[in-house]
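Set out below in structure tokens:
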């Protein structure tokens, strides 16, 4: 500080540069925190919807299905509206027809869309699976439908990746990864 009570230009520049370093470090951490929260929110909704379908199948003793829209940006969790899935045509329709009229949504909306800023990747071979009345996740809405093996759904946003592992018993685990800069 000079004799007149003011600060020199060098003192002001030193304070500004120190503040810039501190704020830039804090911004990266804050950005990572919010990215993790966004990814976690999408994955948690996905997990809750699988569980809702599973518990609904147990409670109603009716087949439920989880089907991903063709573009992968939305999905539906639905209950079968008719008495039983005995007709082969109904089974094929259940595996392929996203807009089938014999399935009714159990979600608070007809379908659940993912946040467009979050990238979601499902296994290519698994666009639809069924929840049997005994709670098992299977590949076909029949008594002899094969139980699902381990499958990963990957959620990514700004260097944060979260993988959800689901199998015949429901959601098995989730793992979160952070990209270091």
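In the working numbering, the protein residues as written are 380 to 560.
All residues carry an ideal CB built from backbone N, CA and C; glycine is no exception.
Computed from a prediction, not measured in an experiment: that's the story for all the values here.
For residue 494, which residues of its own chain have a beta-carbon under 6 Å away from its beta-carbon, when the five flanking residues on both sides are left out?
-> Excluding residues within five positions, the ones whose Cβ falls inside 6 Å are 421.
Span of the beta strand (DSSP E) around residue 478 = Neither: residue 478 is in no beta strand (DSSP E) and is coded neither H nor E.
Can you tell which of 535, 549, 553 has the C-alpha that lies nearest to the C-alpha of residue 411?
-> Comparing Cα positions, the closest option is 535.
Which listed residue (507, 397, 528) has its alpha carbon closest to that of residue 453 | The shortest C-alpha separation from residue 453 is found at 507.
Exposure label - residue 413; buried when at least 16 CB within 10 Å | Flag for residue 413 reads exposed.
With a CB to CB cut of under 7 Å and the five nearest residues on each side skipped, what residues in its chain are close to residue 514?
-> Within the same chain, residue 514 has close Cβ partners 433, 436, 437.
How big is the Cα-Cα spacing for residue 521 and residue 471?
-> Rounded to the nearest whole angstrom, the CA to CA distance from residue 521 to residue 471 is 11 Å.
Taking all protein chains shown into account, decide if residue 401 is buried (16 or more other Cβ within 10 angstroms of its Cβ) or exposed.
-> By the neighbour-count rule (16 or more Cβ atoms within 10 Å), residue 401 is not buried but exposed.
Assuming residue 440 and residue 512 make a contact with CB atoms under 8 Å, what is their CB distance in whole Å?
-> Going by Cβ atoms, the distance from residue 440 to residue 512 rounds to 4 Å, so yes, they are a contact pair.
Would the beta-carbon of residue 419 fall within 8 Å of that of residue 505?
-> Inclusion of residue 419 and residue 505 in the CB contact set at 8 Å is not warranted, their separation being larger than that value.
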